[in-house]
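Residue numbers (this note's numbering), protein chains in the order written: chain X, 243 to 359; chain E, 243 to 359; chain B, 243 to 359; chain F, 243 to 359.
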């Protein structure tokens, strides 16, 4: 039995791969947005957190795409980083890009927490 | 003017980001498939080429998501690696997974070559 | 106060960055070695575990290089993946490359566990 | 014959792996430094270029660690990105961190150009 394609994987895992991929992408886009905004948006703590969030989302998505059982460990860390990244985005105020990024992080955190359990 | 979301980017760049993301994913899935097949499918030269293809596809997609002008350089390398990866997959024979991977690599190579021009 | 260079970081963190970088590198080298050996060395479960280990080691080293406080989460996952990777390498038998990889994973797991605490 | 460890690789390739690893690390550290400096140091164009430089350096180092022949393509792109990153760092003025980053990028560009030839 093989598990190397989306058709053979658990639907919850496919959804988690998609959530991680979207979170990875929006964090990179939002770094660019925040650098353009300047001020508190461009502070090192916030930018670096989004960068680590992009990295761990990629590592978790890739662990699931590889079919590696150890994705539980990376998804656990991903859930934690995504939660903190969502909080950092929400603390920036109510502009649309930060809200989109925060929502995507929250959704990714929830599905990663389920995969880690 | 900002270019931090899909709506603000050139449609050809959005298509290239999608092609790179799909090629990255199918290469990781196909590594798992080929290891399960064994024999020539699992030879180091083929597996390592798919791994580098997954890496450069991610680097190129990320360069475009970041809004970095230097994506032309990464996309040029990505086009070359994807072409070689497609040839390696085609040389494995005519099973469905290798054909899917080869087609995805060819499509990615073409859009990356256009972005690099 | 800045923490952007090795001179400004805690010595334990610098050691952890080095351990993650070495573990990342030896896992990629050992994948190549194991593919050349074939048999149980080249089984998907073992190869994919080393690949995820290389990925999470890079993500953790990068989190520390970025100066991101959230490195505690990535280091926690890294410690767990490195432990499992060491076990998988040790189960391969007593050849020198597997022993070197297992030792490097163990060392990385220990320093990451300390950084995560 | 195997090429899975530093002892078995060409000395020039080992040097290039080291140069890529150092350039990857200093770019991540310098992003943090530049965000702390603010002003032109923290402009999106400069920060994103250093981020892509860190990514392609990792992809090139990994291609060589994997023993993949296609490292010539990634090293070609790496040489180009490193050259542009060095120019961007030099344009920031004469502070010590930017000079260190520029020198490391130049050194990496040179050894990558040799590996790509």
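Quick reminder that beta carbons are idealized off the backbone N, C-alpha and C, glycines included.
Computed from a predicted structure; not experimentally measured.
Beta-carbon within less than 6 Å of residue i's beta-carbon, same chain only, minus the 5 sequence neighbours each way: which residues are those?
| i | result |
| --- | --- |
| residue 263 (chain F) | 303 |
| residue 332 (chain E) | 344 |
| residue 360 (chain X) | With chain X covering 243 to 359 only, the question about residue 360 (chain X) has no answer from this structure. |
| residue 259 (chain E) | 303 and 306 |
| residue 268 (chain B) | 343 and 346 |
| residue 325 (chain X) | 351 |
Could you give the distance in angstroms between the alpha-carbon of residue i and the alpha-carbon of residue j?
| i | j | result |
| --- | --- | --- |
| residue 370 (chain F) | residue 310 (chain E) | For residue 370 (chain F) there is no data in the structure shown, the boundaries of chain F being 243 and 359. |
| residue 276 (chain E) | residue 308 (chain X) | 11 Å |
| residue 280 (chain X) | residue 288 (chain X) | 11 Å |
| residue 352 (chain B) | residue 336 (chain B) | 22 Å |
| residue 285 (chain X) | residue 254 (chain B) | 26 Å |
| residue 346 (chain E) | residue 314 (chain B) | 37 Å |
| residue 358 (chain X) | residue 354 (chain B) | 19 Å |
| residue 266 (chain E) | residue 320 (chain E) | 11 Å |
| residue 298 (chain F) | residue 247 (chain F) | 22 Å |
| residue 323 (chain E) | residue 327 (chain F) | 23 Å |
| residue 295 (chain X) | residue 317 (chain E) | 24 Å |
| residue 312 (chain F) | residue 312 (chain E) | 20 Å |
| residue 252 (chain X) | residue 356 (chain B) | 34 Å |
| residue 341 (chain F) | residue 270 (chain F) | 15 Å |
| residue 300 (chain X) | residue 300 (chain B) | 11 Å |
| residue 278 (chain X) | residue 278 (chain B) | 49 Å |
Using C-beta distances below 7 Å, list every residue in its chain close to residue i, excluding the 5 sequence neighbours before and after it, in chain order.
| i | result |
| --- | --- |
| residue 272 (chain B) | 292, 339 and 343 |
| residue 256 (chain F) | 248 |
| residue 274 (chain X) | none |
Could you tell me which chain B residues have their CB closer than 8 Å to the CB of residue i, listed as they occur along the chain?
| i | result |
| --- | --- |
| residue 272 (chain F) | 246 |
| residue 333 (chain F) | Within 8 Å Cβ-Cβ: nothing; residue 333 (chain F) doesn't reach chain B, min ~19 Å. |
Closer than 8 Å by beta-carbon distance: list the chain E residues that pair up with residue i, in chain order.
| i | result |
| --- | --- |
| residue 268 (chain F) | By Cβ distance, chain E contributes nothing, its closest Cβ being about 17 Å from residue 268 (chain F), past 8 Å. |
Along chain X, in chain order, which residues have C-beta atoms closer than 8 Å to that of residue i?
| i | result |
| --- | --- |
| residue 286 (chain B) | 309 |
| residue 277 (chain F) | 284, 285, 286, 289 and 290 |
For residue i, count neighbouring C-beta atoms within 10 Å of its own C-beta (all shown protein chains included) and say buried if the count is 16 or more, exposed if not.
| i | result |
| --- | --- |
| residue 250 (chain B) | exposed |
| residue 244 (chain X) | Note that residue 244 (chain X) scores 47 on pLDDT, short of 50, meaning its location in the model is unreliable and no value can be drawn from it. |
| residue 329 (chain B) | exposed |
Taking Cβ-Cβ distances shorter than 7 Å, what residues in chain F pair up with residue i?
| i | result |
| --- | --- |
| residue 326 (chain E) | 312 |
Against residue i, what residues of chain F qualify as contacts under a CB-to-CB distance less than 8 Å, listed in chain order?
| i | result |
| --- | --- |
| residue 339 (chain B) | 246 and 247 |
In chain X, which residues lie with their C-beta within 9 Å of the C-beta of residue i?
| i | result |
| --- | --- |
| residue 293 (chain B) | 304, 305, 308 and 310 |
| residue 318 (chain B) | 315, 318, 319 and 322 |
Quick one: residues in its chain with C-beta nearer than 8 Å to the C-beta of residue i, no 5 flanking neighbours on either side, listed in chain order?
| i | result |
| --- | --- |
| residue 282 (chain F) | 288 and 334 |
Can you list the residues of chain X that residue i reaches, using a CB-CB cut of under 7 Å?
| i | result |
| --- | --- |
| residue 263 (chain E) | 263 |
Give me the chain E residues within the contact set of residue i, using Cβ-Cβ distance strictly less than 7 Å, ordered along the chain.
| i | result |
| --- | --- |
| residue 298 (chain F) | 301 and 316 |
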